[in-house]
Structures are given as C-alpha cells and as structure tokens.
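Numbering-wise, UniProt numbering puts 20 at position 20 of the sequence shown, and it's gapless, one number per residue. Think of the CB as a built atom: it goes at the ideal place given N, C-alpha and C, for glycine as much as any other residue.
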Amino acid sequence: MHRILFVCTGNICRSPTAEVVFRAKAQAAGLGERVFVDSAGTAGYHVGEPADGRSAEAARRRGYRFEGQIARQVRADDFETFDLILALDAGHLAALRRLCPPARRDRLALLMDHASSPWVGTDVPDPYYGGAGGFDDVLDRIEDACDGLVTRLNAAPLVSGKS
Numbered sequence: 001m002h003r004i005l006f007v008c009t010g011n012i013c014r015s016p017t018a019e020v021v022f023r024a025k026a027q028a029a030g031l032g033e034r035v036f037v038d039s040a041g042t043a044g045y046h047v048g049e050p051a052d053g054r055s056a057e058a059a060r061r062r063g064y065r066f067e068g069q070i071a072r073q074v075r076a077d078d079f080e081t082f083d084l085i086l087a088l089d090a091g092h093l094a095a096l097r098r099l100c101p102p103a104r105r106d107r108l109a110l111l112m113d114h115a116s117s118p119w120v121g122t123d124v125p126d127p128y129y130g131g132a133g134g135f136d137d138v139l140d141r142i143e144d145a146c147d148g149l150v151t152r153l154n155a156a157p158l159v160s161g162k163s
C-alpha cells in the first residue's frame, strides 16, 4: 500500500484537488487498492471546512467529485503515516521540511516534480484570490503531475516491503 499526502496552505483548493484527481487516475490505472490518498494544509485557517466551491465546480466539470473532503492541518504523525508527502509549491515544501523529523525528509517532494515539461519542478499557483480560470489552470497542472505519479507507481513501487 502506498500512502500519499498532498499539502497546500489551507487544504481547500489545491491539495484536495490533487487528492481527488490522483485518486481517480490511480483507480482508472488499476491502482485503487494499492494507494491511500489524503490531503492537508500547512495552516489551520480552514480546518473542518469543505473544499472551496470554485475548486469543486471546476473539478466537477472534468468528472471529479469532492466527496467528504474536510480541511485539516498537517499533523506530526503524517510524517510516519505517509510514504510520500507532496507539496503543491516550494513554500509548502519549506514548511514541511521545518516540521518533518530529519529521518523522514526523504518522503517530501513537490507534486510538480512528477509533471511534464514545461511544468516539471514548478509551483501550482494558488487560485484562491483569482478568477475562475485559475482553477482550470490548477487542474491542468495537477492532472499532468498526477499522470506522471501514476506512471511512476506503475513502473516501480514507492516503498518496497510495506503493505
């Protein structure tokens, strides 16, 4: 079982979008039973709230469903629970590195490290204060990176010997 956590700021736009997109793509690729996916925020601004309605609507138009997404903040035990913790931008990655025990930092990466050119290694921009087009741009980037992550999972296990 591969345990993957997606992390953004408040866990209402980018990281829950990555969670639902990756879950759908993993399921379509036959990996549904081999992955556990969740999302969280580096800050507690929206703890207990559902995903942003604009994110949910943009995702719905592409066939994704936000069902039961409730914002939560990253917890200390996440660094033990998850095999791969993917930040949606460099600021989140820096925050995770500060929180993460040194022995677990190898589990941290940017989601966009799995993307194709020209997005590889870039940040997923925060659509919260922008217009509706920003949510579609976020989806474009996340879909691309999730395709790359699914390919990686199919090619070689993220964590060997773990079930």
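- Secondary structure note for His-92: its alpha helix (DSSP H) is the uninterrupted segment 90 to 99.
- Counting only runs that start and end inside the stretch 47 to 117, the beta strand (DSSP E) elements of at least 3 residues fall at 84 to 87, 108 to 110.
- Per DSSP, the unbroken beta strand (DSSP E) holding Leu-5 starts and ends at 2 to 8.
- CA-CA distance, Arg-34 to Val-21, rounds to 16 Å.
- A contact between stretches requires three or more CB pairs, one per stretch, nearer than 8 Å, and the stretch 50 to 63 meets this requirement with the stretch 3 to 22.
- Taken through DSSP and simplified to helix, strand or coil, Asp-38 comes out as strand.
- The stretch 24 to 44 makes no contact with the stretch 117 to 133: fewer than 3 CB pairs, one atom from each, lie closer than 8 Å.
- In the structure shown, Asn-11 adopts coil according to DSSP, grouped into three states.
- Under the three-pair Cβ rule at 8 Å, the stretch 105 to 115 counts as touching the stretch 133 to 149.
- Rounded to the nearest whole angstrom, the C-alpha separation of Phe-36 and Val-150 is 13 Å.
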